[in-house]
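Asks:
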Amino acid sequence: MTTQDYFERISLVKKYPKYRNNFVNGSWKWLEGRRTDDGAYEYWRVHDKLYDLTKFIERHPGGKTWLELTKGTDITEAFESYHLTQIPKELLKEFFISDAAEPRNYRYTYNENGFYQTLKRRVAEKMENIDSRVTNKSRKCHDFVLIAFIITIIFVNRVESNKAYIFCCVLAGQLLAWLVPISYNFLHKADNWRMYSGNLALQTTRDMRIYHMSHHMYPNTYADLEVSTFEPYIKWIPLLEKGWLYKFHLLFVTIITHFIYFHNLLKMRYFGVFWGSERALYFDELVMWIVPFIMIITGGQAVTQVYFYNIFFKWVHVMICTNIFYVNFFMNRGHHMPDLIHQGDHIKSFDFGEYQISTTSDRIGLNRNIFTNLSYYGEQILHHLFPSIDAALLPQLKSTLIDTCKEFNIELKECSIFQSVIGQYKQMFRTEVKTNGHKKRE
Numbered sequence: 001m002t003t004q005d006y007f008e009r010i011s012l013v014k015k016y017p018k019y020r021n022n023f024v025n026g027s028w029k030w031l032e033g034r035r036t037d038d039g040a041y042e043y044w045r046v047h048d049k050l051y052d053l054t055k056f057i058e059r060h061p062g063g064k065t066w067l068e069l070t071k072g073t074d075i076t077e078a079f080e081s082y083h084l085t086q087i088p089k090e091l092l093k094e095f096f097i098s099d100a101a102e103p104r105n106y107r108y109t110y111n112e113n114g115f116y117q118t119l120k121r122r123v124a125e126k127m128e129n130i131d132s133r134v135t136n137k138s139r140k141c142h143d144f145v146l147i148a149f150i151i152t153i154i155f156v157n158r159v160e161s162n163k164a165y166i167f168c169c170v171l172a173g174q175l176l177a178w179l180v181p182i183s184y185n186f187l188h189k190a191d192n193w194r195m196y197s198g199n200l201a202l203q204t205t206r207d208m209r210i211y212h213m214s215h216h217m218y219p220n221t222y223a224d225l226e227v228s229t230f231e232p233y234i235k236w237i238p239l240l241e242k243g244w245l246y247k248f249h250l251l252f253v254t255i256i257t258h259f260i261y262f263h264n265l266l267k268m269r270y271f272g273v274f275w276g277s278e279r280a281l282y283f284d285e286l287v288m289w290i291v292p293f294i295m296i297i298t299g300g301q302a303v304t305q306v307y308f309y310n311i312f313f314k315w316v317h318v319m320i321c322t323n324i325f326y327v328n329f330f331m332n333r334g335h336h337m338p339d340l341i342h343q344g345d346h347i348k349s350f351d352f353g354e355y356q357i358s359t360t361s362d363r364i365g366l367n368r369n370i371f372t373n374l375s376y377y378g379e380q381i382l383h384h385l386f387p388s389i390d391a392a393l394l395p396q397l398k399s400t401l402i403d404t405c406k407e408f409n410i411e412l413k414e415c416s417i418f419q420s421v422i423g424q425y426k427q428m429f430r431t432e433v434k435t436n437g438h439k440k441r442e
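When we follow the UniProt record's numbering, the leftmost residue of the sequence shown carries the number 1, and every step to the right adds one.
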């Protein structure tokens, strides 16, 4: 089969994303490629129609950032998964410009009687009777971890013994590693102050919204920015070349990643500013400097050059601990295992919901309470299907998901944390694609 035949007949993404292989490839470049590939011109594309939402940006209930970022792209998947009711569809008609001149670049289907639309209607009905006050648990969980982190950071800079210093660095690193995924619960909502707390870990809210948009909409495909970010050092897609040198250095790369993950995100961000096409800085990038600022003003010492050096290295020590704790569960959060669909594998159904389920596995034991759900990426399947719904509400929707999956004969996958770790490495080495009931070596 030729490459053209593959993209035209089998792949979820109909053509290889532009700029995907660029050495300097961050979120801004992903958006540039989408604007080239999606056929939306200067508008917003939903299904096969173009809309001019310029006058609606300031009125968008989810905040203007979402629309500002996605101008000139196909937002069908985001539109469908972030809006449960028919109200946004009716409102959209007001901004209609024309039919799209070319077919969509993505094969997803949204049949009214298909799995996803059926599930979405049932979830919308269930949401009407759910007590939304339980979302206070998510906010309290976030606020507690944030306050605990700030207090621990102050101790990092004030304790005198080496043992106490190491303990405080490790504790601060663990708290920040928890805070990052907790902040993502608020990242998918309308603009709010809690979504910025993840920036304390050297990332930006803007970049993370783009990363999450790519991953939630097109998981485990060429269009998934979270996948391409790690290439060529870590390759989850079985179609990619995986020679002996790659397999030899993989163990060392995964170890190094535990120490530099967030630092690498920061590097990619400023590559875009100084060497890429995004010549702009944003106010939320100042949030990452709050940590050293707190350490400086609470240190109780005269501000000298030596003091600044000490603060810098303490900050680095905390961030190294954060990297180690965060990467341990981020890399094994239930997406990269041999029994889950990746680019190149046979796709049973292009229904948006069915595809999301085929690429995701819930990990047993992480959905038992709101803290583990938020801090260790619990309820991954429901979160991928409905990313804007608060994590505290997802357990109440589980029965609806299970019943609908049974009706459509869809398997929900679960695995232990140990299985997800082992599966992660198996997927990194996998070179066989799954055809219709068979495996084929590429």
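Heads up, the beta-carbon is just placed ideally off N, CA and C, and yes, glycines get one too.
(1) Enumerate in chain order the residues of its own chain whose CB-to-CB distance from S375 is below 7 angstroms, with the five nearest sequence positions on each side excluded.
(2) Would you list the one or two residues that DSSP bridges to residue 444?
(3) Let me check understanding here. Comparing Cα to Cα, which of F115, D362, L394, G198 lies closest to E407?
(4) Identify every residue that forms a DSSP beta bridge with E414.
(5) Just curious, the beta strand (DSSP E) that L187 is in, first and last residue?
(6) Ends of the beta strand (DSSP E) at K49?
(7) If you drop the 5 nearest sequence neighbours on each side, which residues of the same chain put their C-beta closer than 7 angstroms to that of Q117?
(8) Classify I97 as helix, strand or coil using the three-state DSSP reduction.
(9) Check this for me: beta carbons of R107 and F350, under 8 angstroms apart or not?
(10) Between L266 and L225, which are expected to be in contact by the criterion C-beta below 8 angstroms, what is the C-beta distance as a whole number of angstroms?
(11) Is it the case that the CB of P238 approaches a heavy atom of the ligand MG more closely than 7 angstroms?
(12) Kindly give me the distance between the Cβ atoms of I210 and W44, rounded to whole angstroms, as I take these residues to be in contact under 8 angstroms.
(13) Is the beta carbon of H384 sitting closer than 8 angstroms to the one on H216?
(14) From the DSSP output, read off the bridge partner residues of D74.
(15) Pick out whichever of N162, L84, Y51, R133 has its Cα sitting closest to the Cα of L393.
(16) DSSP on V159, reduced to helix/strand/coil?
(17) With 16 other CB atoms within 10 Å as the buried threshold, where does W236 fall?
(18) Please report the Cβ distance between L12 and T221, rounded to the nearest whole angstrom; I am assuming they are in contact, meaning their Cβ atoms lie under 8 angstroms.
(19) Quick check: the Cα distance between I57 and K64, rounded to an integer number of angstroms?
(20) Rounded to the nearest angstrom, what separates C169 and K434 at their Cα positions?
(21) Which of the three DSSP states is assigned to V303 in this structure?
(22) In the DSSP output, what is V13 paired with across the bridge?
(23) Keeping to the same chain, check which residues put their C-beta closer than 8 angstroms to that of T360; ignore five residues upstream and five downstream.
(24) Is there contact between the segment 93-104 and the segment 325-333, where contact requires at least three CB pairs shorter than 8 angstroms?
(25) Where do the N-terminal and C-terminal ends of the alpha helix (DSSP H) with R194 fall, by residue?
(26) Return the CA-CA distance between F144 and T372, expressed in angstroms with no decimal places.
(27) Within the same chain, show all residues whose beta-carbon is closer than 6 angstroms to that of V318, passing over the 5 residues directly before and after it, in chain order.
(28) Rank Y233, N21, I410, I87 by C-alpha distance to the C-alpha of I357 and give the top, closest one.
(29) Please say whether K15 and N157 have beta carbons closer to each other than 8 angstroms?
(30) Where W193 and A101 are concerned, what is the direct C-alpha to C-alpha distance, given to the nearest angstrom?
(31) With C-beta atoms as the reference, is I147 less than 8 angstroms away from I294?
(32) As a quick exercise: from F386, F230, G299, pick the residue whose alpha carbon is nearest that of T254.
(33) Taking buried to mean at least 16 other C-beta atoms within 10 Å of its own C-beta, is D131 buried or exposed?
(34) Would you tell me roughly how many angstroms separate the C-alpha atoms of R206 and H83, rounded to the nearest one?
(35) Enumerate in chain order the residues of its own chain whose CB-to-CB distance from I260 is below 8 angstroms, with the five nearest sequence positions on each side excluded.
(36) Could you pull out every residue in the same chain whose Cβ sits closer than 7 angstroms to the Cβ of P338, ignoring the five residues on either side in sequence?
Replies: Short version:
(1) Taking the sequence shown and counting its residues from 1, the one referred to as residue 375 is at position 375. If we look at S375 and ignore the five residues flanking it on each side, its Cβ neighbours are W178, P181, I182.
(2) The requested residue 444 is not part of the displayed model; the chain covers only 1 to 442.
(3) Along the sequence shown, read from residue 1 onward, the residue named residue 407 stands at position 407. Checking every option, the nearest Cα to that of E407 belongs to F115.
(4) Here the question's residue 414 lines up with position 414 in the sequence shown. Paired residues: D362.
(5) Position 187 of the sequence shown, counting from 1, holds the residue named residue 187. Counting along the chain, L187 falls outside any beta strand (DSSP E), though it belongs to the alpha helix (DSSP H) covering 162-187.
(6) Residue mapping note: residue 49 aligns to position 49 of the sequence shown, counting from 1. Counting along the chain, the beta strand (DSSP E) containing K49 begins and ends at 49-51.
(7) On the sequence shown, position 117 is the one that residue 117 refers to. For Q117, where only same-chain residues beyond five positions count, the Cβ hits under 7 angstroms are Y110, N111.
(8) Residue 97 sits at position 97 when you count from the first residue of the sequence shown. Of the three classes helix, strand and coil, the one that applies to I97 here is strand, per DSSP.
(9) For the purposes of this step, residue 107 is identified with residue 107 of the sequence shown, where counting begins at 1. For the purposes of this step, residue 350 is identified with residue 350 of the sequence shown, where counting begins at 1. With respect to F350, R107 sits close: the two C-beta atoms are nearer than 8 angstroms.
(10) Counting from one through the sequence shown, the residue named residue 266 turns up at place 266. Counting from one through the sequence shown, the residue named residue 225 turns up at place 225. The distance from the Cβ of L266 to that of L225 is about 16 angstroms, inconsistent with a contact at the 8 angstroms cut-off.
(11) The ligand MG is not part of the structure shown, which contains no ligands of any sort.
(12) The residue you call residue 210 lines up with position 210 of the sequence shown. The residue you call residue 44 lines up with position 44 of the sequence shown. I210 to W44, Cβ: 15 angstroms. No contact.
(13) On the sequence shown, residue 384 is found 384 positions in, with the first residue counted as 1. On the sequence shown, residue 216 is found 216 positions in, with the first residue counted as 1. The answer is yes: Cβ separation under 8 angstroms.
(14) Along the sequence shown, read from residue 1 onward, the residue named residue 74 stands at position 74. According to the DSSP secondary-structure assignment, D74 is paired through a beta bridge with R45.
(15) To locate residue 393, count along the sequence shown from 1; it is residue 393. Residue R133 is the option with its Cα nearest to L393.
(16) The residue given as residue 159 occupies position 159 in the sequence shown. DSSP places V159 in coil when its eight states are reduced to three.
(17) Within the sequence shown, residue 236 is the residue found at index 236, counting from 1. Buried, by the Cβ-count rule.
(18) In the sequence shown, counting from the first residue as 1, residue 12 sits at position 12. In the sequence shown, counting from the first residue as 1, residue 221 sits at position 221. That pair is a contact at about 5 angstroms.
(19) Position 57 of the sequence shown, counted from the start, is the residue given in the question as residue 57. Position 64 of the sequence shown, counted from the start, is the residue given in the question as residue 64. Taking the straight line from one Cα to the other gives about 5 angstroms.
(20) For the purposes of this step, residue 169 is taken as the residue at position 169 of the sequence shown. For the purposes of this step, residue 434 is taken as the residue at position 434 of the sequence shown. Distance between the alpha carbons of C169 and K434: 44 angstroms.
(21) Here residue 303 is taken as the residue at index 303 of the sequence shown, counted from 1. Residue state for V303 is assigned as coil, using DSSP reduced to three classes.
(22) Indexing the sequence shown from 1 puts residue 13 at position 13. Answer is Y106.
(23) Locating residue 360 in the sequence shown gives position 360, where the first residue counts as 1. These residues qualify, in order along the chain: P219, G334, H335, L340, Q380, I381, H384, K413.
(24) Contact between the segment 93-104 and the segment 325-333 is absent, with fewer than three C-beta pairs closer than 8 angstroms.
(25) As a position in the sequence shown, residue 194 is number 194, starting the count at 1. Following the DSSP letters along the chain, one finds R194 in no alpha helix (DSSP H), marked with neither H nor E.
(26) The count along the sequence shown starts at 1 and reaches residue 144 at position 144. The count along the sequence shown starts at 1 and reaches residue 372 at position 372. Straight across, the Cα-Cα distance linking F144 with T372 is about 14 angstroms.
(27) Taking the sequence shown and counting its residues from 1, one reaches residue 318 at position 318. C169, A172, G173, listed in sequence order.
(28) The residue labelled residue 357 in the question sits at position 357 within the sequence shown. Ranking Y233, N21, I410, I87 by Cα distance to I357 puts I410 first.
(29) In the sequence shown, the residue the question calls residue 157 occupies position 157. In the sequence shown, the residue the question calls residue 15 occupies position 15. In this structure, N157 lies away from K15, with their beta-carbon atoms at least 8 angstroms apart.
(30) Translated into the one-based positions of the sequence shown, residue 193 becomes position 193. Translated into the one-based positions of the sequence shown, residue 101 becomes position 101. A direct Cα-to-Cα measurement between W193 and A101 gives close to 40 angstroms.
(31) Against the sequence shown, residue 147 aligns to sequence position 147. Against the sequence shown, residue 294 aligns to sequence position 294. In this structure, I294 does not lie closer than 8 angstroms to I147 by Cβ.
(32) Taking the first residue of the sequence shown as position 1, residue 254 is located at position 254. Closest in C-alpha terms to T254, from the list F386, F230, G299, comes F230.
(33) For the purposes of this step, residue 131 is taken as residue 131 along the sequence shown, with counting starting at 1. D131 counts as exposed, since fewer than 16 other C-beta atoms from the protein chains shown sit within 10 angstroms of its C-beta.
(34) Taking the first residue of the sequence shown as position 1, residue 206 is located at position 206. Taking the first residue of the sequence shown as position 1, residue 83 is located at position 83. When rounded, the distance between both Cα atoms is 20 angstroms.
(35) One-based indexing of the sequence shown puts residue 260 at position 260. If we look at I260 and ignore the five residues flanking it on each side, its Cβ neighbours are N323.
(36) As a working mapping, residue 338 is identified with position 338 in the sequence shown. Same-chain partners within the cutoff: G423, K426, Q427, R430.
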